[in-house]
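Asks: Residue numbers (our numbering), protein chains in the order written: chain A, 609 to 709; chain B, 48 to 533.
Cβ coordinates follow ideal geometry from the N, Cα and C atoms, glycine included.
Could you have a look at this structure, given as structure tokens, before my questions?
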Amino acid sequence: MFRKIIEPRAPLAFTFDGRPCSAAPGDSVAAALLRAGIGAFRTSAPGGRPRGPHCLMGACFDCLVTIDGIANRQGCMVEVAEGMAVQSQHGLRGLPGGCRE
Amino acid sequence: MSARPFLAAGDLAPAYDLAVVGAGPAGLAAATAAAGAGASTLVIDEAAGPGGQMYRAITRIDPEVFRFLGPDYWGGLALARAFQASGAGYAPGATAWSLAGDGSGLELGVALGGEARLLRARRVILATGALERPMPVPGWTLPGVMMAGAGQIALKSAGLVPEGQVVLAGCGPLLYLLATQLLAAGARVAALLDTTDPGQWRKAAPHLPAFLGSGYLLKGLRLLFKLETSVRVVRGVTGLQALGDGRVQQVRFRTARGWSAMAADLLFLHQGMAPEVHLAGAAGCGLEWNERQRAFQPVLEGDGRTTVPGISVAGDGAGIGGAAVAELSGRLAALDALDAIGALDPGRARLREPLRQSLRRLRRCRPLLDILYRPADAFRVPADDETTVCRCEEVRAGQIRAAIALGVPGPNQLKTFLRCGMGPCQGRLCALTVTEMLAAARRADPQAVGGFRLRAPVKPVTLGALASLPAGPDAYFAVTGELPPG
Numbered sequence: 609m610f611r612k613i614i615e616p617r618a619p620l621a622f623t624f625d626g627r628p629c630s631a632a633p634g635d636s637v638a639a640a641l642l643r644a645g646i647g648a649f650r651t652s653a654p655g656g657r658p659r660g661p662h663c664l665m666g667a668c669f670d671c672l673v674t675i676d677g678i679a680n681r682q683g684c685m686v687e688v689a690e691g692m693a694v695q696s697q698h699g700l701r702g703l704p705g706g707c708r709e
Numbered sequence: 048m049s050a051r052p053f054l055a056a057g058d059l060a061p062a063y064d065l066a067v068v069g070a071g072p073a074g075l076a077a078a079t080a081a082a083g084a085g086a087s088t089l090v091i092d093e094a095a096g097p098g099g100q101m102y103r104a105i106t107r108i109d110p111e112v113f114r115f116l117g118p119d120y121w122g123g124l125a126l127a128r129a130f131q132a133s134g135a136g137y138a139p140g141a142t143a144w145s146l147a148g149d150g151s152g153l154e155l156g157v158a159l160g161g162e163a164r165l166l167r168a169r170r171v172i173l174a175t176g177a178l179e180r181p182m183p184v185p186g187w188t189l190p191g192v193m194m195a196g197a198g199q200i201a202l203k204s205a206g207l208v209p210e211g212q213v214v215l216a217g218c219g220p221l222l223y224l225l226a227t228q229l230l231a232a233g234a235r236v237a238a239l240l241d242t243t244d245p246g247q248w249r250k251a252a253p254h255l256p257a258f259l260g261s262g263y264l265l266k267g268l269r270l271l272f273k274l275e276t277s278v279r280v281v282r283g284v285t286g287l288q289a290l291g292d293g294r295v296q297q298v299r300f301r302t303a304r305g306w307s308a309m310a311a312d313l314l315f316l317h318q319g320m321a322p323e324v325h326l327a328g329a330a331g332c333g334l335e336w337n338e339r340q341r342a343f344q345p346v347l348e349g350d351g352r353t354t355v356p357g358i359s360v361a362g363d364g365a366g367i368g369g370a371a372v373a374e375l376s377g378r379l380a381a382l383d384a385l386d387a388i389g390a391l392d393p394g395r396a397r398l399r400e401p402l403r404q405s406l407r408r409l410r411r412c413r414p415l416l417d418i419l420y421r422p423a424d425a426f427r428v429p430a431d432d433e434t435t436v437c438r439c440e441e442v443r444a445g446q447i448r449a450a451i452a453l454g455v456p457g458p459n460q461l462k463t464f465l466r467c468g469m470g471p472c473q474g475r476l477c478a479l480t481v482t483e484m485l486a487a488a489r490r491a492d493p494q495a496v497g498g499f500r501l502r503a504p505v506k507p508v509t510l511g512a513l514a515s516l517p518a519g520p521d522a523y524f525a526v527t528g529e530l531p532p533g
């Protein structure tokens, strides 16, 4: 899908749904996932349809992922950090621990 | 010597002479000019480094990638370096989520590092830039269908080059620029499907003399020549669809000879830019429809003053003009702000008239570009009922047309019927389409139709960040029913 012009000398390791991935320092989560060949980051809340980055500039919110347990992060606006755990999102997000009446 | 960027909202000063939102060409030029004159200045920007989208990652890009991007990009380095040496405060990775004026000045909501603060500013310059105009075609929500700007950002910020069958579709200078940049970086562009309406040439022709005087001619010709000689360009495209199972795999397109199909791994769409007006609109600045550019922009006078005292807009957020126009308008807005707070010395005051003249000259290129690359009606008002218009809430064109037929008075009522525009993007990817659909159905002026009401927070802010806002005595009393201790 995308290749990197220059391979990073000291890549950062992170995971997407448990799968090991790597990124260059400064890469956004979205860029690193695209480079790993991952096009769909989530399924949409209304219809469960696959979605991935559309604008890469923080406007479309289609690249939402869960990062280190925090849902609805914009993958294109967050830089990869060593050891980061990124997860795909499916449908609507709930509150951690669920909603209490 | 550059100042250390702010990492948390709590580290920001409570008040500034000038707050600039956005660190693209307009914001950098404005902040550099204001800080250079001694005004306490803060730049708030979403990105990790200065440059905006045009000069994205300019201060940290790898030289191996830098060289593919061309002289228009390289020019941003001097601007970013001047900003870094200007003494202006800089808050990268920050969100400006609200702006409001009262009798005593302006209050700007900023979130940074998980904290939020309401800053006071004597003047605010909004340099929020532009968004790409949405291109709602069937299948545009499939993974692998991206905006042309996303292709540029991937290249600039991460050195990513598209692989496989890469198809570009749409119209306008950015699309052609992306094609040449991708080629330079070694990508294989399978085709550029050009949706420019050939009939627009005749309408644009009267503006050719003005265009010739703007200095953009050679640049444009070079770009088009390079494209023509190295990419398969299909002209007169009047229909477009992306198809695939889970991601884009095929692109179908219609020309005078009927429908054709080609394999695609990535599809980059582009049909022009529109000002990002969310913060201006939420602050109560008057907006008006620009018929030639087919978008809403702030009502401005002088060197960028909006209808709200103290707030100015510079750069593409004021109407699409490109990076050179943005830089000049940013400097002019800063000089105007200095003037307003009594900090404009005679030497700087004398700069204003020559800057205004340069700005007028550069703007002469726009009428031709705006008219020639006016997106065709079929790509602004989707004819196919199944086409998704609101990506967040998955509202289709047919649903919107049905609601319009019921007599929905305007975009804001349409929201309550269909949730169209109520998702996380806050209408950034559907507002123009909704306004144009209503205008087309009613044969009404888009100005009269209006747009979605814009409200703070203009970008999502976490409750945790809001909870970190310092609580004054009033807030303390409102929650506890008691006066604060001491």
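1) State buried or exposed for B:P52, treating a residue as buried only when at least 16 other CB atoms are found within 10 Å of its CB.
2) Out of B:G519, B:A125 and B:A141, which one is the CA nearest neighbour of B:A94?
3) Chain B beta carbons: is any one of them nearer than 7 angstroms to that of A:G656?
4) Report the rounded CA-to-CA distance for B:L230 versus B:M182, giving the unit in angstroms.
5) Out of B:F130, B:T242 and B:D244, point me to the one whose CA is closest to B:T106's CA.
6) Interface residues of chain B around A:A661 at Cβ under 9 angstroms?
7) For the pair the segment 409 to 428 of chain B and the segment 212 to 220 of chain B, tell me if three or more CB-CB distances fall below 8 angstroms.
8) Terminal residues of the continuous alpha helix (DSSP H) containing B:W121?
9) Give me the Cα-Cα distance between A:R681 and B:I418, rounded to the nearest whole angstrom.
10) What does B:A238 pair with, by DSSP beta-bridge criteria?
11) Work out the CA separation of B:A311 and B:L415 for me, nearest whole Å.
12) Use the C-beta contact count for B:W306: other C-beta atoms within 10 angstroms, 16 or more gives buried, fewer gives exposed.
13) Over what stretch of residues does the beta strand (DSSP E) that includes B:W144 continue unbroken?
14) Could you please give the first and the last residue of the uninterrupted beta strand (DSSP E) stretch that includes B:L306?
15) Out of curiosity, what's the CA-to-CA distance linking A:G656 and A:V673?
16) Less than 7 angstroms between the C-beta atoms of B:G364 and B:T480, yes or no?
17) Count the other CB atoms, across all protein chains shown, that sit within 10 Å of the CB of B:F315; report buried if there are 16 or more and exposed otherwise.
18) Does the segment 164 to 180 of chain B touch the segment 347 to 363 of chain B, meaning 3 or more C-beta pairs lie closer than 8 angstroms?
19) In this structure, how does DSSP classify B:D292 when only helix, strand and coil are distinguished?
20) Counting Cβ pairs, one atom from each stretch, are 3 or more of them under 8 angstroms apart for the segment 681 to 698 of chain A and the segment 124 to 139 of chain B?
21) Flag B:L415 as yes when its Cβ comes closer than 6 angstroms to any non-hydrogen atom of the ligand FAD, and as no otherwise.
22) What residues from chain B crowd round A:F610, counting only those whose CB sits closer than 7 angstroms?
23) Bridge partners of A:F622, per DSSP?
24) To test your reading of the DSSP string, which unbroken beta strand (DSSP E) runs of 3 or more residues are found completely within the segment 411 to 494 of chain B?
25) Write down every uninterrupted run of the beta strand (DSSP E) in the segment 641 to 704 of chain A whose length is 3 residues or greater and which is fully enclosed by it, in chain order.
26) Assuming B:R413 contacts B:G349 (C-beta within less than 8 angstroms), just tell me the rounded distance between them.
27) Taking DSSP as the reference, what is the three-state secondary structure of B:V112?
28) Taking only beta-carbon atoms, is B:L476 less than 7 angstroms away from chain A?
29) With a CB to CB cut of under 8 angstroms and the five nearest residues on each side skipped, what residues in its chain are close to B:D492?
30) Please list, in chain order, all residues of the same chain as B:P245 whose beta carbon is under 8 angstroms from its beta carbon, the five residues on each side excluded.
31) Of all Cβ atoms in chain B, is any one closer than 7 angstroms to the Cβ of A:M692?
32) Leaving out the 5 sequence neighbours to the left and right, which residues in its chain are closer than 7 angstroms to B:S261 when beta-carbon positions are compared?
33) For a contact defined as C-beta to C-beta under 9 angstroms, what are the partners of B:V112 on chain A?
34) State the Cα-Cα distance for the pair B:G47 and B:R164, rounded to the nearest angstrom.
35) Using 7 angstroms as the limit for Cβ to Cβ distance, is A:A667 near chain B?
36) Given this structure, state the Cα-to-Cα distance separating B:A361 from B:V157, to the nearest angstrom.
Replies: In terms of the structure at hand:
1) buried
2) B:A141
3) no
4) 23 angstroms
5) B:F130
6) Per the sequence shown, residue 661 of chain A should be read as Pro rather than Ala. In chain order: P190, M193, A197 and A201.
7) yes
8) P118 to W121
9) 38 angstroms
10) B:V214
11) 32 angstroms
12) exposed
13) T142 to D149
14) The amino acid at residue 306 of chain B is misidentified as Leu; the sequence shows Trp. That run of the beta strand (DSSP E) goes G305 to A310.
15) 14 angstroms
16) no
17) buried
18) yes
19) coil
20) no
21) Among the components modelled here there is no ligand, and therefore nothing to report on the ligand FAD.
22) A201, L207, V208, P209 and E210
23) A:C629
24) 435 to 437
25) 672 to 675, 678 to 682 and 693 to 695
26) Not confirmed; about 19 angstroms, so no contact.
27) helix
28) yes
29) W336 and A486
30) R282 and G283
31) no
32) R408, L409, R411 and C412
33) I613 and I614
34) The question about residue 47 of chain B has no answer here: the residues shown for chain B are numbered 48 through 533.
35) yes
36) 20 angstroms
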